[in-house]
Structures are given as structure tokens and as C-alpha cells.
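Here is the structure we will look at.
Residue numbers (our numbering): 7 to 100.
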């Protein structure tokens with residue numbers, strides 16, 4: 007496919023064909039036969055979070071725009087920091 011700035015908008019069938027092409031030529035990382043050192047398969051929890059994030063089409067840059075998502079982000083960051091920062095006894099955590 008070639009894309010140029012002055013092309014007219016696509017018809018719905020052209021968009022479906024483009025999506026089909028991407029799906030047919032993409033790696034099936036959820037297949038049990040796929041193995042890679044970085045990832046393998048779909049994490050159902052992460053997928054649900056991705057769907058929720060895409061559905062909301064929101065940003066988390068201020069509390070006023072996304073109060074719930076801001077609180078979730080703060081909670082995740084707090085948990086990550088507890089895993090990687092020093093404890094009160096000055097010992098590194100894994």
C-alpha cells in the first residue's frame with residue numbers, strides 16, 4: 007500500500023481490506039507455537055485494561071479529566087515504588 011497526503015479518503019471496503027491485510031501478515035503471538043524472549047500470549051488482565059483504556063479515550067494528565075484513572079495510576083506507581091525502592095531498614099528490595 008502506498009500513502010500520500012493528497013489521496014482521497016478510503017471507502018469502507020478499502021479500510022476492511024487494509025485491516026485484513028494487517029491481520030494476515032501479522033505474527034500470531036497468542037499461538038501456543040509462538041515463543042519469544044520478550045512476550046508470549048495475551049495477558050487477559052492487560053487486554054481488559056487496554057480495552058477499557060481505548061473505550062474511554064481518556065488522558066491521565068490531570069485529576070479533573072480522569073479522576074478514576076489518576077487514582078489507579080497513583081496506586082500502580084505506589085506498588086511499583088515499594089517493589090524497587092529502599093525499605094525503611096535501608097535494604098534493597100528485588
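Even for Gly, the Cβ is constructed at its ideal location relative to N, Cα and C. If you're wondering where the values come from, they're calculated on a predicted model, not measured in any experiment.
Problem set entry | Residue of 58, 41, 35 and 55 minimising C-alpha distance to residue 48 | 35
For this session: Throw me the rounded Cβ distance for the residue 64 and residue 71 pair, which I believe falls under 8 angstroms.
Result: 7 angstroms
Exercise. Looking at residue 56 and residue 66, is the spacing between their C-beta atoms short of 8 angstroms?
Worked result: no
For this session: Tell me whether residue 26 sits in a helix, a strand or coil according to DSSP, three-state version.
Result: helix
Problem set entry | Three-state secondary structure assigned by DSSP to residue 75 | helix
Exercise. Secondary structure at residue 34, three-state DSSP: helix, strand or coil?
Worked result: coil
For this session: Below 8 angstroms CB to CB, which residues in the same chain sit around residue 42 once its five sequence neighbours on both sides are set aside?
Result: 35
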